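Residue numbers (the numbering used here): 150 to 517.
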């Protein structure tokens, strides 16, 4: 009504308990709705109405039947807290790690981190296999050396040369004292299985061991093999997940360059269209430009899928749509500079007009 509070012919459908109540509707002839003086609560008063309810079935009592409830009232009041209507801002840290919200420097840092994690994962697989097989690497890894500046290296060398004489004498004295106090080292006693015949006559390596130890050796070997396979599969899955993240992060980085480049390419596609087609308004030039834009979007989606399938690198997946449209823009720009009419629609209009006239003649010649 005009007072801003009175309402009439009210119908409210309550869906707060949709899982437990099939149907809950309130109808009233009139009512009032207003906020309290402190603006903290919203109040609705309804008069001369009816509430209709149909309870739902929950759990194992789905086959039970419940009566349809109808309640008449002369006055019905509902109070809402105004805080329920306030807009709650999203947590800023919730999407902080999303690739789409990261800057280019952050994307580059993530790419480097993912690459290092993948390399360390591959090396961890090799280390686990060598540990399980009790072997030493054929080519041990070179120790990681921090690359200092030449000036720092020169200073260290000078300090080392200055202390070399004193250190040499101290080391010699220490070695002499250790040699005097050293205890004789006992050799390891390795139990060897007796071989009753040459190795070439054994059917398998297992036969070289005593019969009583073969079952234990086989069980231990199976356990080590299962443990090694499980470790390799786990690390392989981790590396695969990092690889997928690496491709998506790299594509997100290069697609930023691609979108910036395609803006200039579309400038050299859309601008010559008006000069070549020579149709006023938002007509054929916009239509042709939209076709090229849809082509670019389709190429972008296709290349992104190829990159995620490891068929293309992230760089080429982001740049192929732009490289595809560059020749088109160059061609259209050259034709517009030469005042070409190759895309004139006059021929198409004449052809359509001729076909329309022929169709009308055939329709008129048909007997009624």
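Using N, Cα and C, we set each Cβ at its ideal position, and we do this for glycine too.
What you are looking at is a predicted structure, and each value in this text was computed from that prediction instead of being measured.
| Asked | Found |
| --- | --- |
| Pick from 228, 232 and 201 that is closest to residue 218, judged by C-alpha positions | 201 |
| Between the CA atoms of residue 270 and residue 387 - distance to the nearest angstrom | 8 Å |
| Which of helix, strand or coil DSSP assigns to residue 423 | helix |
| Segment contact flag, the segment 260–277 with the segment 387–404, C-beta cutoff 8 Å, min 3 pairs | yes |
| Alpha carbon of residue 507 to alpha carbon of residue 448, nearest angstrom | 41 Å |
| Exposed unless 16 or more other CB atoms sit within 10 angstroms - verdict on residue 496 | exposed |
| 6 Å Cβ shell around residue 228 - same chain, five flanking residues per side excluded | 190 and 192 |
| Supposed close pair residue 198, residue 222 - CB separation, criterion 8 Å | 6 Å |
| Segments of 3+ residues assigned as beta strand (DSSP E) that fall wholly inside the segment 178–205 | 190–204 |
| Inter-residue Cα distance where the pair is residue 410 and residue 471 | 7 Å |
| Segment contact, 8 Å Cβ cut-off, at least three pairs: the segment 413–427 with the segment 450–463 | no |
| C-beta contact flag for residue 500 and residue 474 at 8 Å | no |
| Beta-bridge partners of residue 229, as assigned by DSSP | 191 |
| Range covered by the alpha helix (DSSP H) that runs through residue 468 | 463–486 |
| Span separating the alpha-carbon of residue 379 from that of residue 439 | 53 Å |
| Same chain only: Cβ atoms within 8 Å of residue 481, ignoring 5 sequence neighbours per side | 417, 418, 421, 422 and 425 |
| Given residue 458 as reference, the closest of 400, 478 and 434 once Cα atoms are compared | 400 |
| Residues near residue 363 in its chain [Cβ-Cβ closer than 6 Å; skip 5 each side] | 355 |
| Minimum C-alpha distance to residue 203 - residue among 216, 187 and 194 | 216 |
| Contact set for residue 349: own chain, Cβ-Cβ below 7 Å, skip 5 residues either direction | none |
| Nearest neighbour of residue 372, chosen from 385, 281, 414 and 188 [CA to CA] | 281 |
| Continuous beta strand (DSSP E) stretch holding residue 162: start and end | 155–162 |
| Pairwise C-alpha distance: residue 162 and residue 177 | 12 Å |
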